[in-house]
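In this text, residue positions in the sequence shown follow full-length UniProt numbering: the first is 1, and each later residue adds one.
Note that beta-carbon positions come from the ideal geometry of N, C-alpha and C, so glycine has one too.
The block underneath contains the structure these notes are about, expressed in structure tokens.
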Amino acid sequence: MLPFISSPSTSFMSTGEITTTTGVYLSPLTSVLKKESCGVSGVMSFANKKIKKNAGIAVMAATKTVTGLQYCFEPFEEVKKELRVVPTSPHLSLARQNYSDMCEAGINEQINVEYSVSYVYHAMYAYFDRDNVALKGIAKFFKDSSLEEREHAEKFIEYQNKRGGKVKLQSMLKPLSEFYHADKGDALYAMELALSLERLNNEKLQNLHKLASDNNDLHLMDFVESEFLTEQVESIKKLSEYVAQLRRLGKGHDSSPVILVGFQVPGTLIK
């Protein structure tokens, strides 16, 4: 059985040395020693617990070895600085920590970007769903895209609240209601517009990531990277393919509707 030193200032011979310890199991294989007592509150009690013979492990609560000596984490001392900054006003967030005003404003701006893009896509959906346009596949594509961008805005809203910021929704400009283009046709024009919006949104997200980096906000950087940047690149690639295929077909329903009837892209964009 491993010996247990039950109180400070008790001497015991371990690996040929006499050492003062505090409530620590010693073994021939591992000797976690403390030259000065951490105090009884910093030590985990092992009374009435069975230790396997020759386990070679000395366990102590919330400690780590530093250059052969043992450092004792003192939570009630180290937490004092945090207690001093906990807000007491009911109007201030209790969750906010290392979250700059600039990052908070950047999140609110991105919420507006996501909602605005969603609004444009919804206008495109309404246009292509008209009876005299009747490109149902494209209408569905833009309807789904609108919902996706709105979900992105909601993700940023949830994140803002999680970090202790305040969501401040901003006004949005009215989108176009007509997407006819004399040279390109409506289908190609709408897809090129969507591609441009996704590229612009990607720039906005990269700017937000840089803002987080400048303010040393590691959590916000990770959030933007893991939730948005990869997906944004994939959206740009997909729309680029749609534009390339539509350019091969010509102007669209206003000049060559027969060609468009048989046109399909990944996901059956046009039916």
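Apart from sequence neighbours up to five positions away, the residues of its chain that approach Asp129 with a beta-carbon distance below 6 Å are Ala139, ordered along the chain. Rounded to the nearest angstrom, the Cβ distance from Met172 to Asn132 is 27 Å, too far for a contact under 8 Å.
Taking C-beta separations shorter than 6 Å and ignoring five residues to either side along the sequence, the partners of Arg96 in its chain run Gly164, following chain order. Restricting attention to Ser116, Val233, Gln206 and Ser213, the CA atom closest to the CA of Leu169 is found in Ser116. Between the alpha carbons of Asp183 and Ser118 lies a distance of about 26 Å.
The Cβ-Cβ distance between Glu225 and His209 falls below 8 Å. For the set Leu200, Phe223 and Leu218, the Cα lying nearest the Cα of Glu114 is the one of Leu200.
In the structure shown, Tyr71 falls within a strand segment according to DSSP collapsed to helix, strand and coil. Residues Leu211 and Asn215 of the same chain have their beta carbon placed closer than 7 Å to that of Met102, with the five preceding and five following residues left out of the count.
The C-alpha of Lys80 is placed about 19 Å away from the C-alpha of Tyr71. Assigned with DSSP and collapsed to three states, Lys166 falls in coil, not helix or strand. Your pair Glu198 and Ile236 checks out as a contact, with CB atoms roughly 5 Å apart and the cut at 8 Å. Residue environment: His91 is assigned as exposed (fewer than 16 neighbouring CB atoms within 10 Å of its CB, all protein chains considered).
Look at Glu178 here: in three-state DSSP terms it is coil, with no helix or strand label. Distances from the CA of Tyr121 to each of Ser100, Ser145 and Glu109 were compared; the closest alpha carbon is that of Ser145.
Annotation for Phe228: no alpha helix (DSSP H) segment contains it, and DSSP assigns it neither H nor E.
Put simply, of Ala244, Phe228, Lys238 and His219 the residue whose alpha carbon is nearest the alpha carbon of Glu104 is His219.
Boundaries of the alpha helix (DSSP H) around Met124: Asp101 to Phe128.
Within the same chain, Cβ atoms closer than 8 Å to the Cβ of Leu147 are found at Ser118, the five residues on either side in sequence being excluded. In the three-state reduction of the DSSP assignment, Val85 falls in the helix class, which pools H, G and I. Here the alpha carbon of Val243 sits roughly 25 Å from the alpha carbon of Lys174. Note on geometry: alpha-carbon atoms of Lys162 and Phe223 lie some 12 Å from one another. The beta carbon of Ser93 is closer than 6 Å to those of Gly164 in its chain, skipping five residues each way along the sequence. In the displayed model, Leu173 falls within coil according to three-state DSSP, outside both helix and strand. Its Cα nearest to that of Glu203, the residue Gln110 stands out among Phe179, Gln110, Ala153 and Glu154. If you check the CB distance, Leu246 and Ala187 come in under 8 Å. Taking a 10 Å sphere around the C-beta of Lys251, we find 16 or more other C-beta atoms and assign the residue as buried.
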